[in-house]
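Worksheet: the structure to be examined is printed underneath.
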């Protein structure tokens with residue numbers, strides 16, 4: 001039976017890809033967890049300073065008006081230097097979900113089949129009309145870019 005992501009209430013539809021019949025479905029670690037844990041459906045080694053797309057073995061139908069954001073797992077990032085990239089999944093994408101992992105750590109990193117590798121966060125999207133204008137309203141910040149609002153390395157008077 002084919003089910004549409006827009007056919008009823010908010011549901012994340014998940015299908016195991018035929019090439020990955022034992023793939024683990026996304027899970028939430030607690031009732032208040034913002035993201036769903038995504039699991040590797042294959043074992044791979046990500047070399048130090050390298051990157052790999054790790055397959056999850058699943059396909060998704062994200063609810064209309066939403067998108068999926070693939071985010072890093074805090075433990076992998078803080079303990080091993082593993083980060084994610086290219087993390088936007090559009091609601092109309094139906095292909096196999098791969099997760100791009102970067103190894104920013106000091107050693108090769110092994111991902112085993114069944115390991116939690118990232119989080120999937122479902123977010124609402126806004127698609128305002130694009131309107132070209134001659135000028136924009138002035139703000140206090142103005143055109144100040146990277147680091148312009150303070151933070152690390154900024155000088156403060158005391």
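Numbering (full-length UniProt numbering), first residue to last: 1 to 158.
C-beta atoms are modelled at their ideal positions from N, C-alpha and C, and glycine is treated no differently.
Model, not experiment: these values are computed from the prediction.
Cα-Cα separation, residue 147 to residue 141: For this step, residue 147 is matched to residue 147 along the chain shown. For this step, residue 141 is matched to residue 141 along the chain shown. Cα to Cα, the separation comes out at about 11 Å.
Residue 94 vs residue 118 beta-carbon contact at 8 Å: Position 94 of the chain shown holds residue 94. Position 118 of the chain shown holds residue 118. Going by C-beta atoms, residue 94 is not nearer than 8 Å to residue 118.
CB-CB length for residue 80 against residue 109, believed under 8 Å: The residue given as residue 80 occupies position 80 in the chain shown. The residue given as residue 109 occupies position 109 in the chain shown. Residue 80 to residue 109, Cβ: 6 Å. Contact.
Buried/exposed call for residue 74, threshold 16 Cβ in 10 Å: Counting from 1 along the chain shown, the entry for residue 74 is found at position 74. Per the 10 Å Cβ criterion, exposed.
Assigned secondary structure, residue 146 (DSSP; H/G/I helix, E/B strand, else coil): Residue mapping note: residue 146 aligns to position 146 of the chain shown, counting from 1. Of the three classes helix, strand and coil, the one that applies to residue 146 here is coil, per DSSP.
C-beta atoms of residue 82 and residue 68 nearer than 8 Å: On the chain shown, residue 82 is found 82 positions in, with the first residue counted as 1. On the chain shown, residue 68 is found 68 positions in, with the first residue counted as 1. No; because the gap between Cβ atoms is not below 8 Å, this pair is not in contact.
Identity of the residues DSSP links to residue 118 by a beta bridge: Within the chain shown, residue 118 is the residue found at index 118, counting from 1. DSSP, once it has assigned bridges, lists 38 as partnering residue 118.
Cα-Cα separation, residue 92 to residue 46: As a working note, residue 92 is residue 92 in the chain shown. As a working note, residue 46 is residue 46 in the chain shown. Each residue's Cα considered, the two are about 30 Å apart.
beta-carbon residue 132 near the ligand COA non-hydrogen atom, thresh 7 Å: For the ligand COA, the structure offers nothing, since it holds no ligand at all.
Residues of its chain near residue 149, where Cβ-Cβ distance is below 8 Å and the 5 sequence neighbours each way are ignored: Numbered from 1 along the chain shown, position 149 holds the residue referred to as residue 149. Correct list, in chain order: 141.
Inter-stretch contact at 8 Å, needing at least 3 Cβ pairs: the stretch 112 to 129 / the stretch 24 to 42: yes
At least 3 beta-carbon pairs within less than 8 Å: the stretch 47 to 54 vs the stretch 22 to 31: no
Residue 84, buried or exposed, once every other Cβ within 10 Å from all chains shown has been counted against 16: Reading the chain shown from its first residue, position 84 is the one you call residue 84. The residue in question, residue 84, is buried, as its Cβ has 16 or more Cβ neighbours within 10 Å.
Segment limits, alpha helix (DSSP H) that includes residue 77: Translated into the one-based positions of the chain shown, residue 77 becomes position 77. Per DSSP, residue 77 belongs to the alpha helix (DSSP H) from 74 to 80.
Supposed contact pair residue 40 and residue 113 - C-beta distance, whole angstroms, cut 8 Å: As a position in the chain shown, residue 113 is number 113, starting the count at 1. As a position in the chain shown, residue 40 is number 40, starting the count at 1. Right, the Cβ-Cβ distance comes to about 6 Å (below 8 Å), so this counts as a contact.
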